[in-house]
Structures are given as structure tokens and as C-alpha cells.
Amino acid sequence: VGFFVVTHFKSFSVTTLSSSVWINIPPSIERYFNSVLCFPLPASRFPLIMFVELITSEGSAFNGEAISVTIPSGMGEITILKNHIPLLSTVEPGTMIIRTVDDELLFAVSRGVIQVGPRGIRVLSDIADRAETLDESVIEIAKARAEELKSARREDSEEFAVASATLSKEIARLASVRRLRSRRRSS
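Structure below.
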């Protein structure tokens, strides 16, 4: 359940358990609210929901509705809300956060493309692993192996590129697991 909080500051806050979003309201509506009001809004009628697709070469990692998406891009980490301007950008290795009405999902993503349009968000990524399913010790071993391979293949540019891509994927996985762990500690 989300809540509208309407204030005399000509805006309202839509608050879930994990996030808040501020949006301007028209002056014609504002005059009806002289103080703070709270009223529940059923999730099925939540006006700020957008459709999100997270796709890898292995299939769909996430396909559903979300309130916001935070993703590492070529322009830095960006957060996308409903009615965002159309956007086409690259996805960089890191942690993608999908905030739904009920939950906050963390995914390790690698290189790819993000498209934001009027129908929602489509993310194509080399990997999209749920942070909850990853094992930090296994990732540490794979990262060390990728670092060794990268340093051993300096003369062969093709194998060096493969080792570099593998290393960036493992670093993204590791960052996602650590981010999830730090969030659990702070909750």
C-alpha cells in the first residue's frame, strides 16, 4: 500500500516502505488541502507504476511493474520514474535496483543498453543476477581467477578483452552482494 501525503508546499509525496517520490500538484487541487492529509491508496491503483523489462541472453530476469528503477549507466547512476523523458543509454557494470510497491529487488548487471519510453523501461544486459541468489565466496574466487587470466593474457588482445569482461561481471556481482548485505544490516 502506498500513501499520498499532500502538503501546502504544492507537492505530494508518494511513500512506500523503501522510497519517496515528490511530484507537483496543480494549484486548483492545492487550495483544498490546507494541512497534511494521509490516505491509503491500493497498490492496484497506484498512479506512479511503470512497466520494466530486464532481459539477458538467457531470458527475462524481471518482467513487471515498478515504482522506480536505479541503474548504473554511462551517465552515472540514474533513477527513472514514470513519465521520464525518453532515454537511450548504456548500462555499466554494477547494481540495478527495482523498487516495486512491495519490495526492493537488487540485480547485478553488466554491460548493456537501457531504453526508456512511454510504455516503460527495457534493459538489455549481459547478466542480470538477483543479489539474493549470489554467493560472495564463489564470486571472490571467480574474480581472483579472472584477474589472473587478465594479467596472463596481456599479449593476446582478444583473450585479454574476454578476461576484462569476465572481471567486470564478477565485480558487478560482488558489489551487488555487498550492497544487499549492507542494506540488511541497516534494516
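Residue numbers (this note's numbering): 122 to 308. All C-beta atoms, glycine included, are put in the ideal place defined by N, C-alpha and C.
Item checked: Distance CB(V259)-CB(I248) smaller than 8 Å -> no
Checklist line | Cutoff 7 Å; reference G195; Cβ partners in own chain excluding five residues on either side | finding: S210, T211, E213
Item checked: Assigned secondary structure, S178 (DSSP; H/G/I helix, E/B strand, else coil) -> coil
Next item on the list: Using DSSP bridges, identify the partner residues of I218.
Entry: T191, L227
Checklist line | Residue span of the alpha helix (DSSP H) that contains I262, given as start and end | finding: 257-273
Checklist line | 6 Å Cβ shell around G180 - same chain, five flanking residues per side excluded | finding: none
Next item on the list: Reducing DSSP to helix, strand and coil, say where E321 ends up.
Entry: Because the chain here runs from 122 to 308, residue 321 falls outside it and cannot be looked at.
Margin query: Quick test of your reading: T191 and M217, contact by CB under 8 Å. State the CB separation rounded to the nearest angstrom.
Written below: 7 Å
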